[in-house]
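Numbers in our numbering are just positions in the sequence shown, counted from 1, shifted up by 2.
Even for Gly, the Cβ is constructed at its ideal location relative to N, Cα and C.
Just so we're clear, the structure is a prediction, and the values are computed from it rather than from any experiment.
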Amino acid sequence: MTNLVERYFDGAAPLYNDATSTNESWSMPRHVADRLASLKGDFRSALAIGAGTGYDVDLLKDRGVPNITMLDISRKMLDAAAERHPGIPQIHADIMDETSVTGRFDLIVSIGVVEFIQDTAGFLVRCASLLNPGGSLIVTYEPIIRGYEPQGARSELIHSRDQDPIYDCDGVHIHRVELGEFAELCSEVGFETIDHSLVLAYVDEASIFYGLANLRRK
3 MTNLVERYFD GAAPLYNDAT STNESWSMPR HVADRLASLK GDFRSALAIG
53 AGTGYDVDLL KDRGVPNITM LDISRKMLDA AAERHPGIPQ IHADIMDETS
103 VTGRFDLIVS IGVVEFIQDT AGFLVRCASL LNPGGSLIVT YEPIIRGYEP
153 QGARSELIHS RDQDPIYDCD GVHIHRVELG EFAELCSEVG FETIDHSLVL
203 AYVDEASIFY GLANLRRK
């Protein structure tokens with residue numbers, strides 16, 4: 003599955019900036035910027051998981067974080083990010099590979115990543131292991147919304163060659179969790195929830211909502 007997700011995002015890389023332009027209908031950078039602004043304390047280091055073409059780095063720089071590392075499963079995404087942010091360290095890897103990142107950070111930001119990882123609890127454990135005590139995690143995920151057809155299923159095929167030939171892969175799924183379930187997982191892993199809400203992420207033919215959580219490692 004890791005290889006499929008990598009190929010999916012390699013295919014998406016040339017279109018990604020247009021698809022996630024804040025001038026259009028993608029609102030997550032604004033929501034995440036608000037959460038970053040609300041954080042108290044001095045953050046000296048940050049990891050952007052699923053950094054894409056570098057939007058997350060913009061937000062972290064605006065927050066005043068001096069040491070930022072980008073991680074993404076897609077080489078082509080990171081190549082685009084390097085043009086936007088030359089000199090920012092990069093890691094081309096799957097975050098769930100325990101050898102991919104060493105050291106710990108004061109802050110982790112992860113936007114649009116969890117839904118591509120079936121093991122939500124494992125992802126949260128991984129993030130906790132990479133945070134300094136008292137460190138913050140700002141994370142989004144796709145929630146299950148009962149009665150809302152675009153996000154009612156726990157797992158869903160999102161792209162295949164038949165649906166869109168630009169994506170050279172078949173069988174890529176996204177995975178959703180209930181809001182309450184996500185909150186319980188955070189507590190079990192050892193996070194304190196500072197803020198957890200449902201936000202409108204993307205307006206298209208069907209509006210897409212994200213769960214957005216501001217968590218602190220105990």
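Residue i: which of the options sits nearest, CA to CA?
i: methionine 30; options: Asn216, Arg219 and Ala203; result: Ala203
i: tyrosine 143; options: Asp99, Ile113 and Phe45; result: Ile113
i: isoleucine 75; options: Phe11, Glu100 and Leu61; result: Phe11
i: arginine 9; options: Thr55, Pro68, Arg32 and Arg77; result: Arg77
i: arginine 1; options: His94, Leu126 and Arg86; result: Absent from the structure is residue 1, since the part of the chain shown begins at 3 and ends at 220.
i: glycine 89; options: Gly52, Ala95, Asn69 and Asp99; result: Asn69
i: asparagine 134; options: Glu190, Arg178 and Phe45; result: Phe45
i: valine 179; options: Thr101, Asp108 and Gly213; result: Gly213
i: alanine 95; options: Leu49, Ala130 and Asp64; result: Leu49
i: alanine 39; options: Ile147, Lys63 and Gly192; result: Lys63
i: valine 116; options: Val141, Gly182 and Leu181; result: Val141
Where does residue i land, buried or exposed, given buried means 16+ other C-beta within 10 angstroms?
i: leucine 200; result: exposed
i: alanine 82; result: buried
i: valine 7; result: buried
i: threonine 55; result: buried
i: proline 145; result: buried
i: leucine 159; result: exposed
i: tyrosine 57; result: buried
i: serine 138; result: buried
i: alanine 14; result: buried
i: valine 205; result: exposed
i: alanine 208; result: exposed
i: aspartate 99; result: exposed
i: asparagine 216; result: buried
i: aspartate 36; result: exposed
i: glycine 136; result: exposed
If you draw a straight line from the C-alpha of residue i to the C-alpha of residue j, how long is it?
i: glutamate 186; j: alanine 123; result: 10 Å
i: methionine 3; j: phenylalanine 118; result: Legend: pLDDT at methionine 3 = 47, less than 50; position of this residue unreliable, no value from coordinates given.
i: arginine 106; j: alanine 84; result: 22 Å
i: valine 103; j: leucine 132; result: 8 Å
i: serine 27; j: valine 34; result: 15 Å
i: phenylalanine 211; j: alanine 155; result: 13 Å
i: alanine 61; j: isoleucine 196; result: Note that residue 61 is leucine in the sequence shown here, rather than alanine. The alpha-carbon atoms of leucine 61 and isoleucine 196 are separated by roughly 19 Å.
i: valine 67; j: lysine 42; result: 13 Å
i: isoleucine 110; j: proline 152; result: 28 Å
Return the Cβ separation of residue i and residue j in integer angstroms, given the expectation that the two are a contact with Cβ distance under 8 Å.
i: methionine 79; j: valine 59; result: Contact doesn't hold; Cβ gap of about 12 Å is too wide.
i: arginine 128; j: isoleucine 97; result: 6 Å
Determine whether the Cβ of residue i lies closer than 9 Å to any Cβ atom of chain C.
i: glutamine 153; result: The chain inventory of the structure shown lacks chain C, comprising one protein chain alone.
Bridge partners for residue i per DSSP, in chain order?
i: asparagine 216; result: Ile140 and Asp197
i: valine 179; result: Pro145
i: aspartate 74; result: His94
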